[in-house]
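Asks:
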Amino acid sequence: MADFGSECKVRLRVSDTEASISLPVAKLVETFGARWKLRPRLHPEYSLPEARVRPDYAVETSGRITGFLELKAPGHDVTPDGFSKRDREQWELMRRLPNVLYSNGHTWCLYRGGSRPLRTVRLEGDLYRSGSRLRTSAADGAAFRDLLREFLGGSPDASRLWASWCRLSLRCVSICARRCWSSSPSNAERQTVLAAGGLSPSLSPPWHTTGARCSSHAATEE
Numbered sequence: 104m105a106d107f108g109s110e111c112k113v114r115l116r117v118s119d120t121e122a123s124i125s126l127p128v129a130k131l132v133e134t135f136g137a138r139w140k141l142r143p144r145l146h147p148e149y150s151l152p153e154a155r156v157r158p159d160y161a162v163e164t165s166g167r168i169t170g171f172l173e174l175k176a177p178g179h180d181v182t183p184d185g186f187s188k189r190d191r192e193q194w195e196l197m198r199r200l201p202n203v204l205y206s207n208g209h210t211w212c213l214y215r216g217g218s219r220p221l222r223t224v225r226l227e228g229d230l231y232r233s234g235s236r237l238r239t240s241a242a243d244g245a246a247f248r249d250l251l252r253e254f255l256g257g258s259p260d261a262s263r264l265w266a267s268w269c270r271l272s273l274r275c276v277s278i279c280a281r282r283c284w285s286s287s288p289s290n291a292e293r294q295t296v297l298a299a300g301g302l303s304p305s306l307s308p309p310w311h312t313t314g315a316r317c318s319s320h321a322a323t324e325e
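Residues in the sequence shown are numbered consecutively from 104, following our numbering.
#1: Would you grab the beta carbon distance between Asp184 and Leu174 for me? Rounded to a whole angstrom, and I think it's under 8 Å.
#2: From Thr210 to Leu237, what does the alpha carbon distance come to, in whole angstroms?
#3: Which term fits Lys140, buried or exposed, when burial requires 16 or more other beta carbons within 10 angstroms of its beta carbon?
#4: Could you spell out where the alpha helix (DSSP H) holding Val132 opens and where it closes?
#5: Taking the runs of the beta strand (DSSP E) that are 3 residues or longer, which of them lie wholly in the stretch 196 to 261?
#6: Does Gly185 come out as helix, strand or coil in the three-state DSSP assignment?
#7: How big is the Cα-Cα spacing for Pro65 and Val128?
#8: Have a look at Pro152 and Leu196 and give me their C-alpha separation to the nearest angstrom.
#9: Is DSSP giving Leu145 helix, strand or coil here?
#10: Tell me whether Ala161 sits in a helix, a strand or coil according to DSSP, three-state version.
#11: When you compare each of Arg189, Asn207, Val203 to Ile168 by their alpha carbons, which one comes out closest?
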């Protein structure tokens with residue numbers, strides 16, 4: 104934590120954007136993960152076309168993507184109630200992902216597919232001035248470790264995972280349907296396109312039955 108505070112202090116002298124804390128945050132997450140032998144790898148600007156969002160980092164542990172890290176500039180809120188209009192629009196997409204950590208360097212919020220954080224931890228001190236004196240409080244020290252451990256190594260509840268990915272899958276199906284029906288002039292060609300995409304050729308838009316199954320399951324998560 105002392106190294107994290109020192110690096111943030113130096114970088115924030117030049118700029119106070121989220122880019123200034125990006126590398127220190129990534130190093131901190133990787134350092135804690137290495138202690139638990141999780142060896143996380145952080146992939147910057149990880150595009151998720153199906154979700155129409157690009158988190159600042161995708162986090163890989165044990166060879167698979169297990170979560171996403173989104174950063175905000177120091178002083179910016181990382182809870183939905185305090186988001187700007189632009190951050191709110193991004194949040195409506197990010198919240199559908201099953202394991203997301205939001206941080207502005209000082210406040211850390213872990214979300215698991217819902218609108219409220221599963222865990223929230225705030226550091227003691229000021230990112231601009233504290234430097235190596237940046238700390239977690241005595242009460243929050245264990246909470247911060249638990250938050251990172253759960254983010255890096257925990258398994259999101261299966262029903263939440265299913266609900267999140269149902270929503271993403273429905274969006275992909277909808278896009279495929281629109282493209283297929285607008286660009287393929289004949290029924291035979293439409294069936295060929297659907298089959299190539301792994302979809303049943305017998306389906307016809309807007310596939311209310313398929314959507315209802317996933318939507319009803321996803322609704323239970325809300």
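Where a beta carbon is used, it is the ideal one built from N, C-alpha and C, also for glycine.
These numbers come from a predicted model, not from an experiment.
Replies: Per the coordinate set shown:
#1: Their Cβ separation, rounded to whole angstroms, is 19 Å, which puts Asp184 and Leu174 out of contact at 8 Å.
#2: Taken atom to atom, the span from the alpha-carbon of Thr210 to that of Leu237 is near 12 Å.
#3: exposed
#4: 121 to 138
#5: 203 to 206, 210 to 214, 222 to 225
#6: helix
#7: This structure does not reach residue 65, given that the chain is present from 104 up to 325, and the question cannot be answered.
#8: Between the alpha carbons of Pro152 and Leu196 lies a gap of roughly 11 Å.
#9: strand
#10: strand
#11: It is Val203.
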